[in-house]
Amino acid sequence: MPGAATNEALKAAGLFDVSHITALVTGGATGIGLMITQALVSNGAKVYIVSRRQEVLEKTVELYNTGPGSLHAIVGDVSSKVGAVKLAEELGKKESGGIQLLVNNAGIARDDNTKFLAFLPLLAKGSSTTPGYSSSVINVSSISGAMKGSSMGQFAYASSKAASTHLSRMLALAFKDVKVRVNVIAPGVFPSEMTTGSSHDDNKSSMDMDSTNPAGRKGMDSDMAATVLFLAGKGGVFYNEQILYPDGGVTLSDPSVK
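Going by full-length UniProt numbering, the first residue of the sequence shown is number 1, and it counts up by one from there.
Given below as structure tokens:
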């Protein structure tokens, strides 16, 4: 019977396996990016992280390159067209077989097409390495891009996140013929340098604030880890052009455009 699976095939260890993945996580040394990096490395992925701050990268590799996957740092600036192209070229030399995952957690280059298209050949090549699996892009946006009243006056930020989310939909359509999926994680409040203004010696941030969402708390590392493992693992290959909101239920009660 087509589509029938054994109990063994439906075990979580297989559905959310990322040990076959080589990933690039921009902004992967702190905040939400670090949560994503840890989730992938802790489950066997080979992860490259990129940042303009070499000392931050080195600290993250020192603290979190504990396997079973591996963690590698690249100093670079993906906020510029030149920087994005240079990074793609450098990564291509390191990974001739391509990559399976690009997580965009840092600022997008002004020429958005250049940034995404620069990595497309690597992603397309990576799709062919594991039977039944296709490479993917995960763009980290924000619930602010879907909410009418949650931006606290940060209109430019909220509108940029809305644009990022819509761009992801367009890219999902554009990339379908090369077997590269595009999905979005639009988190609620998580501790990061953006929400707290700083990081501790472990490159993590903490925040002391009351949460009014239905979950009654801010986002935790495990919440982000579960989200990225779902999208990046083999169990997520049927998902494309989707937006996940790990927000503790904020979008249930506040006005949104969903």
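Beta carbons: idealized from backbone N, C-alpha and C, even for Gly. Nothing here was measured: the structure is a model prediction, and the numbers come from that model.
Between the options, which has its C-alpha nearest residue i's C-alpha?
{"i": "H72", "options": "A146, K81, T60, V82", "result": "T60"}
{"i": "F116", "options": "V85, S128, K93", "result": "V85"}
{"i": "S128", "options": "D247, I21, A163", "result": "I21"}
{"i": "G44", "options": "T66, G31, G28, V50", "result": "T66"}
{"i": "V75", "options": "I49, D221, A118, G219", "result": "I49"}
{"i": "V25", "options": "S42, L101, D17, V56", "result": "L101"}
{"i": "D247", "options": "G31, S19, G219", "result": "G219"}
{"i": "N104", "options": "S42, L57, A23, L63", "result": "A23"}
{"i": "Q54", "options": "T130, M147, M35, T30", "result": "T30"}
{"i": "Y245", "options": "K81, A225, I185, V228", "result": "I185"}
{"i": "T130", "options": "S42, D77, K179", "result": "K179"}
{"i": "F119", "options": "L40, G27, L87", "result": "L87"}
{"i": "K234", "options": "D17, E89, A5", "result": "D17"}
{"i": "Y64", "options": "S42, V78, V82, S80", "result": "S42"}
{"i": "G69", "options": "A13, G92, A39, A162", "result": "A39"}
Determine which residues share a DSSP beta bridge with residue i and list them.
{"i": "H72", "result": "Y48"}
{"i": "T26", "result": "V50, N104"}
{"i": "N240", "result": "N240 pairs with nothing; no bridge assigned."}
{"i": "R181", "result": "S136"}
{"i": "M220", "result": "Beta-bridge pairing links M220 to no other residue."}
Exposed or buried, residue i, counting other C-beta atoms within 10 Å across all chains shown (16 or more means buried)?
{"i": "K94", "result": "exposed"}
{"i": "N7", "result": "exposed"}
{"i": "M209", "result": "exposed"}
{"i": "Y239", "result": "exposed"}
{"i": "T212", "result": "exposed"}
{"i": "V47", "result": "buried"}
{"i": "L173", "result": "exposed"}
{"i": "F155", "result": "exposed"}
{"i": "S253", "result": "exposed"}
{"i": "A109", "result": "No answer about A109 holds up, because its pLDDT of 45 lies below 50 and its placement is not dependable."}
{"i": "V82", "result": "exposed"}
Please tell me whether residue i and residue j are closer than 9 angstroms, where the distance is taken between their beta carbons.
{"i": "S135", "j": "R181", "result": "yes"}
{"i": "P187", "j": "V140", "result": "yes"}
{"i": "A215", "j": "G249", "result": "yes"}
{"i": "P121", "j": "G98", "result": "yes"}
{"i": "A106", "j": "S159", "result": "no"}
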